[in-house]
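When you line the sequence shown up against this note's numbering, it's residues 1 to 150, in that order. Positions of the beta carbon are idealized from the N, C-alpha and C atoms, including for glycine. Working notes, beginning with the structure itself.
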Amino acid sequence: MKYTLLIAGLMALAGCDKGVDSPKGFSLPEGNAEQGKAVFLKYKCLACHTLAGVEDSSVTKHDDISIKLGGNKTKIITYAELVTSVINPSHRFSRPYRPDARNEDGSSKMTVFNDTMTVSELTDLVTFLQPNYKLIPYHRTNYQLYSHYK
Numbered sequence: 001m002k003y004t005l006l007i008a009g010l011m012a013l014a015g016c017d018k019g020v021d022s023p024k025g026f027s028l029p030e031g032n033a034e035q036g037k038a039v040f041l042k043y044k045c046l047a048c049h050t051l052a053g054v055e056d057s058s059v060t061k062h063d064d065i066s067i068k069l070g071g072n073k074t075k076i077i078t079y080a081e082l083v084t085s086v087i088n089p090s091h092r093f094s095r096p097y098r099p100d101a102r103n104e105d106g107s108s109k110m111t112v113f114n115d116t117m118t119v120s121e122l123t124d125l126v127t128f129l130q131p132n133y134k135l136i137p138y139h140r141t142n143y144q145l146y147s148h149y150k
């Protein structure tokens, strides 16, 4: 049984680079973090997001939403996840996740910038955001050992 699951898993992985939906060969050019900060400010991302060390007093904050970007995470936030979050902000939502960030139909309240942001701006923005996420070790809960009842 163990080997059947291993073989099935390997077959699934091997199948990941076949077909039109394969990510094989997909790569964006390297971005510029300094220009990415300018993109972050240009599109007024601080209206709905917070990012340590970045302020812009000219931006009007939305009172109903404030999503923190960056910070300590127990899971790597990949370049691809950040790109996807910008070009398809509704992609990661599940029912209990941030109801204040969703519209009634379940889609993201985030503006979709696909028709206004250039690919260069996107790569610069993601290059700027990526280093703001720090991977920290996952701390397991230490449970008390119970002795057997006598």
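- Residue environment analysis places L82 among the buried positions, since at least 16 neighbouring C-beta atoms fall within 10 angstroms of its C-beta.
- Straight through space, the alpha carbons of V39 and A52 are spaced by roughly 16 Å.
- Closest in alpha carbon position to L135, among H91, D56, T78, L41, is T78.
- Counting along the chain, Y133 sits inside no alpha helix (DSSP H); it lies in the beta strand (DSSP E) bounded by residues 133 to 135.
- With a minimum length of 3 residues, there is no unbroken run of beta strand (DSSP E) contained wholly in the stretch 79 to 129.
- Distances from the alpha-carbon of K68 to those of D124, V112, N142, L129 put L129 closest.
- Under the three-state reduction of DSSP output, K75 falls in the coil class, being neither helix nor strand.
- Considering only G36, G19, K61, V59, the residue with the shortest C-alpha distance to V86 is G36.
- In the structure shown, K37 falls within a helical segment according to DSSP collapsed to helix, strand and coil.
- For L51, the secondary structure class from DSSP, reduced to helix, strand or coil, is strand.
- In the same chain as A101, and ignoring 5 residues on each side of it, the C-beta atoms closer than 7 Å to its own belong to I65, I67, S108, K109, in chain order.
- Taking each of F113, S90, V112 in turn and checking the Cα distance to E104, the smallest one comes out for S90.
- The alpha-carbon of V126 is positioned some 8 Å away from that of A33.
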